[in-house]
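**Q** Dropping a structure here in C-alpha cells format, bear with me for questions.
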C-alpha cells in the first residue's frame, strides 16, 4: 500500500468538492439572472449541496466498513460527473436543483471515505494530516474563485467554469482506480459494529457533534453566500472569499507546528475567538478594510473542520468511520437549514432596507454562533486538561 498515492488521490477528490463550492459561489448571481430565480430559489439551490452532503456521508460512513473504500469512491466519481454535466446543460431551477444535489452526494461520499482513509494511513499523526488533507478545501475554493473571477472578466460563461472541474475529477478517478485501499481503523482494531454505534452516545461525542453545527455554519455559510451578501458593499465581493480561503490554505499547511504548540483544544478555542472578531469586522467594515476583515475571518475558521474531525479520530477512535461521518453530516445539515432560513430572512430584509444593510444584518445574526463556541471550547479546553492530568 502506497499511502502517499492514496493521500494525493484523496486531495484531488477534495479539490473537486471545493471547486464546486468556490465556482458555485462565484456564479450564483449569474444563475439567478439567467434563469430569473428568486432569492429564496437561489438560496435553496445553494443549500441543496449541503443536503446531499450529509445524506451520503451518513450512508457512506455506515457502508465503508462493509463494502470497502474503493466501491464508494467509484460512486463518488459517478455522482460528481453526473452533477457537473447536468449543471452545464441546465435549463432552469429543477435541473440546477438536481445537479447540485448530485454534486453534494458526491462531495459527502468523498468525506465519508477519505477522512477514515487519511486517519488509517497516518495513525501516528491524525490531526496534522487531516489538516493537510483539508487544506485542499480552501485551496480548491481559491482556485474556484480565481477561475470564476478570471473567466467572468474574459467573458467566458459559467458553463465553462463548471467544466474545469472535470480535470481534477479525471485525475482522482484514475488514481483511485489503480490504488489498493486499507481497511478502516475500527476494523483493524477489532472493535465490533455494535460497540461503534454505542460509542456514538458518549457525552463527549455528543458535545463535539453539537459544536460541529456552529463551526460548520460559521465557516461554510459565510463562505458560500458571501458574494450574495456583500456584492453591494464591494464590486469584487468574491475576492473576499478568495482572501479568506487563501489564509485558510496557508494555515492548514502549517498545522503541524500549531498542533504541537496549542493542541487541538487550544486550536479550537483560538479559532472561535478569532472567527468572532472576523465575522464582526465583515459585518461592519467598508472598502479596503473588508479585505483585512476577510483575512482575519479566514484565520479564525482555518482549523475548525479538520481539527473537529481530528479530535474525534484521536480521542474517540471507537466511534469509527461512522463517528467521523456523523460529525461532518451534522455540520453540513445544519448549514443547509441555516442557509435556507437566512435566504428567506435576507429576502425579507431587502424589502425593508437597502442591500448593504440587509447583508450586514445577516452576518451580524450569524455572529452569535462563534461567540457561543468560544465559551464551549473554553470548557472543553479545561475538561481535556484535567483529563490528561489525571
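In the numbering used here, the protein residues as written are 2 to 391.
Glycine residues also receive a C-beta, built at the ideal position from the N, C-alpha and C atoms.
Nothing here was measured: the structure is a model prediction, and the numbers come from that model.
1. Looking at C-beta atoms only, is the number of pairs between the segment 128-142 and the segment 6-14 that lie closer than 8 Å three or more?
2. 8 Å is my cut-off, CB to CB: does residue 153 come that close to chain C?
3. If I'm right that residue 27 touches residue 150 with Cβ under 8 Å, what's the distance once you round it to whole angstroms?
4. Name the two residues that bound the continuous alpha helix (DSSP H) containing residue 35.
5. For residue 82, is the classification buried or exposed, using 16 other Cβ atoms within 10 angstroms of its Cβ as the cut-off for buried?
6. Could you tell me whether the segment 273-290 touches the segment 353-367, using the rule of 3 or more Cβ pairs below 8 Å?
7. Do you know whose CA, among 267, 360, 206 and 91, lies nearest residue 382's CA?
8. In its own chain, which residues sit with a C-beta less than 6 Å from the C-beta of residue 220, not counting the 5 before and 5 after it?
9. Under the rule that 16 or more other beta-carbon atoms within 10 Å means buried, what is residue 376, buried or exposed?
10. How would you write the range of the alpha helix (DSSP H) that residue 265 sits in, first residue to last?
11. Taking only three categories from DSSP, how would you classify residue 333?
12. At a cut of 8 Å, does the segment 287-298 reach the segment 200-212 through at least three beta carbon pairs?
13. Can you tell me the Cα-Cα spacing of residue 144 and residue 85, whole angstroms?
14. Looking only at its chain, what residues have a beta carbon closer than 8 Å to the beta carbon of residue 94, apart from the 5 residues adjacent to it on each side?
15. Report yes if the C-beta distance between residue 50 and residue 104 is below 8 Å; otherwise report no.
16. Taking the alpha-carbon of residue 384 as reference, which of 319, 346 and 265 has the nearest alpha-carbon?
17. Thinking just about the alpha-carbon of each residue, which of 387, 80, 158 and 20 is nearest to the one in residue 1?
18. I believe residue 134 touches residue 114 by the beta-carbon criterion, under 8 Å. Please report the beta-carbon distance rounded to the nearest angstrom.
19. Could you pull the start and end residues of the alpha helix (DSSP H) that residue 315 belongs to?
20. Distance check for residue 216 and residue 317, CA to CA, integer angstroms please.
21. Using 8 Å as the Cβ pair cut-off and three pairs as the minimum, do the segment 349-363 and the segment 187-207 touch?
22. Straight-line CA distance for residue 23 to residue 107?
23. Quick one: Cα of residue 285 to Cα of residue 345, how far?
**A** So, from the listed chains and residues:
1. The answer is yes - the segment 6-14 touches the segment 128-142, with three or more Cβ pairs under 8 Å.
2. Structure shown: chain C not included; a single protein chain is present.
3. About 7 Å separates the Cβ atoms of residue 27 and residue 150, confirming a contact at the 8 Å cut-off.
4. 4-35 is the extent of the alpha helix (DSSP H) around residue 35.
5. Using a 10 angstroms sphere on the CB of residue 82, the tally of other CB atoms reaches 16 or more, which defines it as buried.
6. Cβ pair count under 8 Å is three or more, so yes.
7. Residue 382 has its Cα closest to that of 267, out of 267, 360, 206 and 91.
8. Taken in chain order, the residues that qualify are 302 and 305.
9. Flag for residue 376 reads exposed.
10. Residue range 256-285 is occupied by the alpha helix (DSSP H) that includes residue 265.
11. Residue 333: helix per DSSP, three-state reduction.
12. In this structure the segment 287-298 does not lie against the segment 200-212, because fewer than three pairs of beta carbons, one per stretch, are closer than 8 Å.
13. Approximately 17 Å, taken between the alpha carbons.
14. The beta carbon of residue 94 lies closer than 8 Å to those of 36, 38, 42 and 46 in the same chain, with the five residues before and after it left out.
15. Between residue 50 and residue 104, the gap from beta carbon to beta carbon is short of 8 Å.
16. Ranking 319, 346 and 265 by Cα distance to residue 384 puts 265 first.
17. Residue 1 lies beyond the stretch modelled for the chain, which goes from 2 to 391, so this question has no answer here.
18. Not confirmed; about 12 Å, so no contact.
19. Residues 305-316.
20. In a straight line, the C-alpha of residue 317 is about 19 Å away from that of residue 216.
21. With a cut-off of 8 Å, the segment 187-207 and the segment 349-363 do not count as touching, because too few Cβ pairs lie within range.
22. Taking the straight line joining both Cα atoms gives about 16 Å.
23. C-alpha separation (whole angstroms): 22 Å.
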